[in-house]
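Novice:
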Amino acid sequence: MRALRFFGLVLVTALAQAQNGLILHYRLTETSVDDGVIQDVSGNGNDGKIMGDPELTGAAGLRLDGVDDYVALPNNLMRGLDAITVSTQVLIRAEQSGNYFIFGLGVTSNTDGNGYVFATGNPYRAAISSGNWEREAESRTNADLPRDKWVTVTYAVDSNSRTAALYLDGERVAGLTNNNPLISPGTIGGGSTPNNYLGRSLYTADSFLAGSVRDFRIYNRALTEAEVSEIQPNEASRLDAALAALSVHNVDDIRGNIFLPEELDGFKVTWVSSDESVISPDGIVNRQSSDVEVKLTGIIENYGREFTAKVRQAVDLPPFEGYAFSYFTGNSRDGERIYFAASEGNNALQWRELNGGRPVLSSNRGTTGLRDPFMIRSPEGDTFYLISTDLSIGSGTSWGDAVRVGSRYLEVWESHDLVNWSAQRHVLVSPSTAGNTWAPEAFYDDEIGSYVVFWASSLYGENDASHTGSTYHRMLYATTRDFVTFSEPQVWQDAGMSRIDTTVIRDKDSGEYYRFTKDEGARATGCTDIIQEHSAHLRSPISDWTQIATCIGKNAGTSAVEGPSIFKANPGDVNGGDKYYLFVDEYGDRGYVPLETSDIASGKWKLSNSWNLPKSPRHGTVLPVTAEELSLLTAGLS
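Residue numbers (UniProt numbering): 1 to 638.
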């Protein structure tokens, strides 16, 4: 085995740095801060304040969510300055859209910038202005900054010499590119600049920065090109930062296959396991009869970072003897939260509300609305994931805006008992061409050892940034092992007309997959209703799925329906253990109603004879549970 050198994981910077005139310097490589304060290491006391809830990742920088995260800088930083240099390392994520600032120093009047220094990446440009955008003395390139790649952006202005320069990774890429007056930074706002931000624009309608930042600097002079080159990260610092950014999700509590990155910031990563029978180098986990510790080493350029992974003992689940139900209740702020119900014993048709009929989970991310919750049990049996649509109609969003310029994120929680849930994760899954991300569900695909997560998105043209063109919903999917890191999305169902709300089950005897989807293209199937298809492979293209049934709700006697949720009855269910249930949302009438069949391959469904569902359930999930889980759920949320 080759000899490895282990880094101490301290971010290394160039030795010959330009320090003269440095008035503010944030490393932004902390993993924790006190009271949200970012320390100014220049010695000038110009500390910053974290706003929103950005992630302090260490050497991988401060991760901003693109929604409400930024760093507030002290007031009046440019007072008395005839020249300025602003520099930062930045990684802009693929989801960044619209107008945005990487940094902005100056004044906001009402909703617009009114004197400022700023830089942005679409295209890469920077400017100083005595007023709004029309007065910008600009340094512009013709190219966008790359996405998902660290770069160093630097902007220098000297009013005495009437020069400006824009640098990318230490190389000068633009000087002044228009004829607007180049003013002194100290004259902006008469020296009073209360709106100084990293990651936020001075125009309130602009987007926030969706990316990561580190090594943010402000100088009271214009650095020379040679000095700018000196503050660029060298190969050693890039390598150290990549090693520091390596992580293994839930490394102290591993219960299923794990994601091990193969590339990071342009470096190839290889993995070595001390026991490949328990954790393979590609992250496949084989749990044992007792807890096992395994050493995992991520290797970059002959340097290694070691993790001690604790793999939990395997569990042997007893039979399922009840059900859990998660759902939302309507188009209000209270309705767009996650509610829970439990079955009355082993009975899929009789339910009681939990938590006194109050919501159990609420959102503080994205739109802060939660709809269409979906729960899935891991194949190992002792982990549950809950994913949800990020949408709030109750806050005043129109359905038109929800489709065109809605969220591209999923909301994610995980649990081991259905009562105690992790902190919320706000995870980007849809591409920039997507207008929304609706009704996510997931199914474990044992062919690849990962979950396949699928959802509906309206997709627009690459050149239609405002999403104003004509389009329709497709079903997309991505894969994940941990509901933290997702693959790039792919189109799963494109029928030439809208499809939404897919739910999937697999027949254990035949191995066949059955999926149920709301088909909104009535001209193809005769009604806007639920269709049923089957295939031997979950991720097969639409051409490899065979249609079994259309108009399922109509044929069963319902009015218009959507939001199907499929599950198999427990063997000891009092209504019969051979049944499959398809709960559908009769959204203009009774809400959720149960359809059933004893032959899923037939495509013939009927309304159950009687049922007692929770009050006002909308699109959600029914999940079979053990007797112990049912008892814990009812006691924990009573």
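The beta carbon of each residue, even a glycine, is placed where N, CA and C say it ideally should be.
Would you kindly check if the distance between the Cβ of Gly-121 and the Cβ of Ile-84 is under 7 Å?
Specialist: Against a cut-off of 7 Å, the Cβ pair of Gly-121 and Ile-84 comes out as no contact.
Novice: From His-25 to Asn-180, what does the alpha carbon distance come to, in whole angstroms?
Specialist: Whole-angstrom Cα-Cα distance: 30 Å.
Novice: So Asp-417 and Leu-632 are supposed to be a Cβ contact under 8 Å. How far apart are they, rounded?
Specialist: At roughly 6 Å, the Cβ-Cβ gap stays under 8 Å, so Asp-417 and Leu-632 are in contact.
Novice: Using a Cβ-Cβ cut-off of 6 Å (strictly less than) and excluding sequence neighbours within five positions of Tyr-197, which residues of its own chain qualify?
Specialist: Here the set comprises Tyr-70 and Gly-104.
Novice: Please determine, among Phe-320, Ser-540, Gln-313 and Met-375, the residue with the shortest C-alpha to C-alpha distance to Val-625.
Specialist: If we check each option's Cα against that of Val-625, Phe-320 comes out closest.
Novice: Does the region 591-611 come within contact of the region 284-299, defined as at least 3 CB pairs closer than 8 Å?
Specialist: Judged by Cβ distances under 8 Å, the region 591-611 makes no contact with the region 284-299, as fewer than three pairs qualify.
Novice: The ligand FMN heavy atoms versus the CB of Thr-480: any closer than 6 Å?
Specialist: Ligands displayed in this structure: none; no statement on the ligand FMN is therefore possible.
Novice: Apply the 10 Å Cβ neighbour rule to Val-37 and answer buried if 16 or more other Cβ atoms are within range, or exposed otherwise.
Specialist: The residue is exposed, with fewer than 16 neighbouring Cβ atoms inside 10 Å.
Novice: Leaving out five residues before and five after Val-546 in sequence, what residues of the same chain have Cβ atoms less than 8 Å from its Cβ?
Specialist: It should be noted that the sequence gives Thr, not Val, for residue 546. Result list for Thr-546: Glu-533, His-534 and Ser-535, in chain order.
Novice: To which residues of the same chain is Thr-525 closer than 7 Å at the C-beta, ignoring the five residues directly before and after it?
Specialist: Closer than 7 Å at the Cβ level, and outside the excluded window around Thr-525, lie Asp-519, Ile-531, Thr-550 and Cys-551.
Novice: On the DSSP letters alone, give me the boundaries of the alpha helix (DSSP H) that Glu-629 sits inside.
Specialist: Element bounds for Glu-629: 627-636.
Novice: Could you spell out where the beta strand (DSSP E) holding Ile-23 opens and where it closes?
Specialist: Here the beta strand (DSSP E) through Ile-23 covers 22-26.
Novice: Is DSSP giving Asn-250 helix, strand or coil here?
Specialist: Coil at Asn-250, not helix or strand.
Novice: Report the CB separation of Ala-127 from Ser-139 in whole angstroms; it is logged as a contact under 8 Å.
Specialist: Correct: roughly 7 Å between the Cβ atoms.
Novice: Beta strand (DSSP E) containing Glu-411: first to last residue?
Specialist: Counting along the chain, the beta strand (DSSP E) containing Glu-411 begins and ends at 409-415.
Novice: Between the Cα of Val-294 and the Cα atoms of Ile-254, Leu-386, Ser-332 and Asn-436, which residue gives the shortest distance?
Specialist: Nearest of Ile-254, Leu-386, Ser-332 and Asn-436 to Val-294, Cα basis: Ile-254.
Novice: Determine the extent of the beta strand (DSSP E) in which Lys-149 is found, giving its start and end residues.
Specialist: Where Lys-149 is concerned, there is no enclosing beta strand (DSSP E), given that its DSSP letter is neither H nor E.
Novice: Quick test of the definition: if touching needs 3 or more C-beta pairs under 8 Å, does the region 218-229 touch the region 131-146?
Specialist: Result no; under three Cβ-Cβ pairs closer than 8 Å.
Novice: May I ask you to verify whether the region 335-346 touches the region 385-402, counting CB pairs closer than 8 Å and requiring at least 3?
Specialist: Segments in contact, yes.
Novice: Taking the alpha helix (DSSP H) that Ile-552 belongs to, which residues open and close that run?
Specialist: Start and end: 552-556.
Novice: Between Gly-8 and the rest of its own chain, which residues show a CB-CB distance below 8 Å, the 5 nearest in sequence each way excluded?
Specialist: Reliability fails at Gly-8, whose pLDDT of 46 lies under 50, so the model's placement of it is uncertain and the value that follows must be treated cautiously. So no residue of the chain qualifies.
Novice: Which runs of the beta strand (DSSP E), 3 residues or longer, sit entirely within the region 502-574?
Specialist: Segments of the beta strand (DSSP E) lying fully in the region 502-574: 513-519, 529-535, 546-549 and 562-568.
Novice: Would residue 643 be called buried (16 or more neighbouring beta carbons within 10 Å of its own) or exposed?
Specialist: Lying outside 1 to 638, the shown extent of the chain, residue 643 is not represented and no answer is given.
Novice: If you check the beta carbons only, do Asp-501 and Glu-596 fall under 7 Å apart?
Specialist: Their beta carbons are not under 7 Å apart, which means Asp-501 does not touch Glu-596 by this criterion.
Novice: Could you name each continuous beta strand (DSSP E) segment of 3 residues or more that falls completely within the region 299-340, going from the start of the chain to the end?
Specialist: Qualifying beta strand (DSSP E) stretches, in chain order: 303-311 and 320-327.
Novice: Taking all protein chains shown into account, decide if Asp-446 is buried (16 or more other Cβ within 10 angstroms of its Cβ) or exposed.
Specialist: Its Cβ having fewer than 16 others within 10 Å, Asp-446 is exposed.
Novice: With C-beta atoms as the reference, is Ser-457 less than 7 Å away from Val-403?
Specialist: In this structure, Val-403 does not lie closer than 7 Å to Ser-457 by Cβ.
Novice: Let's test the definition: count the other Cβ atoms within 10 Å of the Cβ of His-537 and tell me whether it reaches 16, buried, or not, exposed.
Specialist: Label assigned to His-537: exposed.
Novice: Run the CB neighbour count on Ala-226, radius 10 Å, all protein chains shown included, and call it buried at 16 or more, exposed below.
Specialist: Under this definition Ala-226 is an exposed residue.
Novice: Determine the closest residue to Trp-438 out of Asp-275, Gly-461 and Tyr-472, with distance taken between C-alpha atoms.
Specialist: For the residues Asp-275, Gly-461 and Tyr-472, the minimum Cα distance to Trp-438 belongs to Tyr-472.
Novice: Give the single residue among Pro-281, Asp-282 and Glu-276 whose Cα lies nearest to the Cα of Gln-288.
Specialist: The candidate whose alpha carbon is nearest that of Gln-288 is Glu-276.
Novice: Excluding the five sequence neighbours on either side, which residues of its own chain have a C-beta within less than 6 Å of the C-beta of Arg-506, listed in chain order?
Specialist: Hits under 6 Å: Tyr-513.
Novice: For Pro-194, which residues of its own chain have a beta-carbon under 6 Å away from its beta-carbon, when the five flanking residues on both sides are left out?
Specialist: Closer than 6 Å at the Cβ level, and outside the excluded window around Pro-194, lie Asn-75.
Novice: Determine the closest residue to Pro-164 out of Val-427, Arg-125, Gly-199 and Leu-145, with distance taken between C-alpha atoms.
Specialist: Here residue 164 turns out to be Ala, not Pro, going by the sequence shown. Nearest C-alpha to Ala-164: Arg-125.
Novice: Among the residues of its own chain, which have a CB less than 8 Å from the CB of Gly-191, if the five just before and after it don't count?
Specialist: The answer, listed in chain order, is Asn-76, Met-78, Arg-79 and Gly-80.
Novice: Let me check understanding here. Comparing Cα to Cα, which of Ile-50, Ile-376, Glu-30 and Tyr-409 lies closest to Ser-392?
Specialist: For the residues Ile-50, Ile-376, Glu-30 and Tyr-409, the minimum Cα distance to Ser-392 belongs to Tyr-409.
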